[in-house]
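Numbering of the sequence shown is given in the numbering used here, commencing with residue 32 and proceeding in unit increments. Reviewing the structure listed below.
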Amino acid sequence: MVDGPTHSSWLIAGARLCEDLETGRLSEPVDVRLAGGRIVELTPAAGGRSADDAQVVDATGLLLSPGLVNSHFHSTGTFNRAFVANLPLELFMLYELPPFDFGPFPPELYRSQVLWATSQMLKVGVTSVFDDAMFYPEPSDEAVAGLMGAYRDSGIRATVAVYLPNKVEYEWIPGLKELLPADVVARMDECVPSVDELVGFYERFVRRWHGEEGGRLRCALSCSAPQRATDEYILRLHEISEELDLPFVFHVYETKLQRVAADAFYGTSMIRHLRELGVLCERSVIVHAVWVDESDIADIADAGAIVVHSPSGNLRCGSGVMPYRQLRDAGVPVALCSDEATVEDRCNLWQVGRLAGMLHTIGDPDHRTWPRAEEIVDAMTETGGRCLRVDGLGTIRVGAPADLILLDLDLVLDTPIAKLANALVYGEHGSSVRAVFVDGRLVAQDGRLTTIDEGQLRRDLDRWSRHWAEAVEPVERWAARLAPAYDEIYARCARTDVGINRWAGNEGSWLGRAAP
Ligand SMILES: [Zn+2]
32 MVDGPTHSSW LIAGARLCED LETGRLSEPV DVRLAGGRIV ELTPAAGGRS ADDAQVVDAT
92 GLLLSPGLVN SHFHSTGTFN RAFVANLPLE LFMLYELPPF DFGPFPPELY RSQVLWATSQ
152 MLKVGVTSVF DDAMFYPEPS DEAVAGLMGA YRDSGIRATV AVYLPNKVEY EWIPGLKELL
212 PADVVARMDE CVPSVDELVG FYERFVRRWH GEEGGRLRCA LSCSAPQRAT DEYILRLHEI
272 SEELDLPFVF HVYETKLQRV AADAFYGTSM IRHLRELGVL CERSVIVHAV WVDESDIADI
332 ADAGAIVVHS PSGNLRCGSG VMPYRQLRDA GVPVALCSDE ATVEDRCNLW QVGRLAGMLH
392 TIGDPDHRTW PRAEEIVDAM TETGGRCLRV DGLGTIRVGA PADLILLDLD LVLDTPIAKL
452 ANALVYGEHG SSVRAVFVDG RLVAQDGRLT TIDEGQLRRD LDRWSRHWAE AVEPVERWAA
512 RLAPAYDEIY ARCARTDVGI NRWAGNEGSW LGRAAP
């Protein structure tokens with residue numbers, strides 16, 4: 032179809048656009064010009080003639096769509112893919128973020144994880160990702176450079192936060208300290224960095240990387256979650272977020288245990304606590320929001336914050352079902368994410384969209400509350416763009432970033448009366464994607480990447496396999512030792528009545544029941 036992938040000026044000739052997702056009405060064929068990383072012209076098709084030196088893509092029979100936006104991801108969990116069993120989050124995290132004896136790892140390892148994940152995403156048309164990267168045991172500038180350099184080279188658009196809590200687990204998991212062996216408590220106490228150190232790291236990170244590659248790489252803030260961070264630290268990160276207009280990520284109410292914890296430690300809701308601190312705002316990215324109640328939803332809506340829905344993560348960790356329609360009815364924008372590869376193995380946002388479209392039918396017999404396919408498409412594109420705070424991202428209009436995908440319309444629709452939004456949400460896995468542009472550059476074509484050497488990546492992954500297997504040995508030992516304490520608290524919290532239920536099934540069989 033085309034050659035010269037690095038060409039910076041393109042004419043996509045004769046593509047069809049979706050004019051109305053609800054009816055699936057398509058435009059007449061159009062020509063779309065890309066230059067300087069943006070869409071610069073949209074005109075009726077004129078036979079594929081280029082007036083300048085632009086490379087021409089013949090898009091006859093192809094649908095031009097905004098690239099997909101994966102609004103939450105942890106690239107640094109990639110090598111635990113297909114390794115950890117489905118477990119409640121607090122037990123799962125013993126593998127994900129082990130307390131001790133894990134790392135440090137070389138920058139090249141972080142690089143390989145990003146290249147593997149972005150290769151999965153780009154091939155199916157995910158053109159932007161919001162990474163909340165964890166580093167073990169703490170981030171170094173070199174390890175961060177390994178990760179950010181991989182995003183630069185992969186060609187994907189990336190917003191990256193570094194996941195940096197500053198409280199030890201027993202400070203926010205109710206009752207944990209009493210159940211942990213004394214030597215574990217003492218070791219946890221040794222691991223707490225000062226607020227100045229963490230803020231200093233963030234300032235260097237943002238100075239070095241924010242806006243790199245003409246703005247394709249951006250930075251964001253993350254303290255992991257409100258309960259895992261001190262108020263002083265949250266306020267300091269909020270200042271950086273405000274000064275540079277950066278998103279600030281909070282995992283909030285992913286699990287019921289966190290609701291019990293907020294009641295115990297704050298005496299109020301975690302969302303209300305963020306509001307009272309003055310940090311809940313339009314830059315806040317609230318990931319999960321499963322166990323939010325009505326007043327939380329009102330607070331999120333008032334603040335103009337965005338919620339990121341992680342159906343795969345919530346299902347794999349048994350966290351419950353996010354109150355999708357209540358959030359949308361309150362006016363809260365909801366974006367979608369694959370979360371990490373431990374919960375969505377191929378980082379495939381199409382699969383996530385399909386899950387999101389179906390998950391909410393199990394909790395409510397009122398079919399009018401169920402997500403519509405066109406809402407899911409919007410969550411994967413335009414609302415994702417808002418989450419990353421990149422103007423026009425996820426849309427097709429003059430001036431918007433040239434992050435676009437071409438899909439084979441015959442393959443997408445396939446049967447006689449298929450509707451486009453339904454076909455995209457329930458029938459597409461990325462196999463109809465013919466070409467992928469990010470920032471006006473062709474990064475994938477017919478399933479092959481122009482930016483990543485997949486043969487080299489395969490050899491690198493083989494090289495890491497023994498290294499990683501050795502690295503997780505102590506993790507498994509610690510998990511075996513600590514799991515009984517975490518499991519006991521998990522069960523205790525599951526049995527606590529918090530006034531709402533987010534499980535579709537039989538919470539009632541646990542409520543009030545004594546531990547076995
Ligand atoms: Zn997360």
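Glycine is no exception: its CB is placed at the ideal position from the N, C-alpha and C atoms.
- For the pair Thr190 and Arg249, the Cα-to-Cα distance works out to about 5 Å.
- Residue environment for Ile265: buried (at least 16 other C-beta atoms within 10 angstroms of its C-beta).
- The shortest CA-to-CA distance from Ser106 to any of Ser96, Gln151, Leu125 is the one to Gln151.
- Scanning its chain for C-beta atoms nearer than 6 Å, with the 5 sequence neighbours on each side dropped, one finds around Thr149 the residues Ser185, Ile187, in chain order.
- Here the alpha carbon of Arg385 sits roughly 15 Å from the alpha carbon of Tyr355.
- DSSP places Arg69 in the strand class (E or B) of the three-state scheme.
- Residue range 41 to 51 is occupied by the beta strand (DSSP E) that includes Gly45.
- In this structure, the straight-line span from the alpha carbon of Pro257 to that of Met301 is close to 7 Å.
- Within the region 308 to 374, the complete alpha helix (DSSP H) segments of 4 residues or longer fall at 325 to 334, 342 to 347, 355 to 360, listed in chain order.
- Per the DSSP secondary-structure output, Gln476 pairs in a beta bridge with Ala466, Arg479.
- Exposure of Pro447 is indicated by the presence of fewer than 16 other C-beta atoms within 10 angstroms of its C-beta.
- In the three-state scheme derived from DSSP, where H, G and I count as helix and E and B as strand, Leu122 is classed as helix.
- Contact between the region 410 to 425 and the region 89 to 100 is present: 3 or more CB-CB pairs across the two stretches fall below 8 Å.
- Under the three-state reduction of DSSP, Ile448 is assigned to coil, being neither helix nor strand.
- DSSP, read as helix, strand or coil, puts His282 in strand.
- Around Ala475, the same chain offers Leu153, Lys154, Val467 as residues with beta carbons nearer than 6 Å, after the five sequence neighbours per side are excluded.
- Only residues of its own chain outside the window of five on either side were considered, and among them Leu42, Val87 have a CB closer than 7 Å to the CB of Ser81, listed in chain order.
- Leu488 has no beta-bridge partner at all, per DSSP.
- Taking C-beta separations shorter than 6 Å and ignoring five residues to either side along the sequence, the partners of Arg533 in its chain run Val321, Trp322, Gly351, Val352, following chain order.
- For Ala192, the enclosing beta strand (DSSP E) covers residues 188 to 193.
- In this structure, Ile483 and Leu178 do not form a Cβ contact; the two beta carbons are roughly 15 Å apart against a cut-off of 8 Å.
- Counting only the Cα atoms, Val365 lies some 21 Å from Cys254.
- In this structure the region 393 to 404 does not touch the region 128 to 135; the number of beta carbon pairs closer than 8 Å is below three.
- If you look at Cys250, you'll find it in the beta strand (DSSP E) that goes 248 to 253.
- Cβ atoms of Thr158 and Ala372 stay farther apart than 8 Å, at about 18 Å.
- C-alpha of Gly180 to C-alpha of Arg142: approximately 7 Å in a straight line.
- With a cutoff of 8 Å, Ser315 does not count as near ligand 1, since its C-beta is closer than that to no heavy atom of the ligand.
- The continuous alpha helix (DSSP H) containing Leu268 extends over residues 262 to 275.
- When the Cα atoms are used, Asp172 and Ala293 turn out to be separated by approximately 33 Å.
- In the displayed model, Phe166 falls within coil according to three-state DSSP, outside both helix and strand.
- Out of Glu202, Phe123, Arg403, Cys378, the CA that lies nearest to the CA of Ala387 is found in Arg403.
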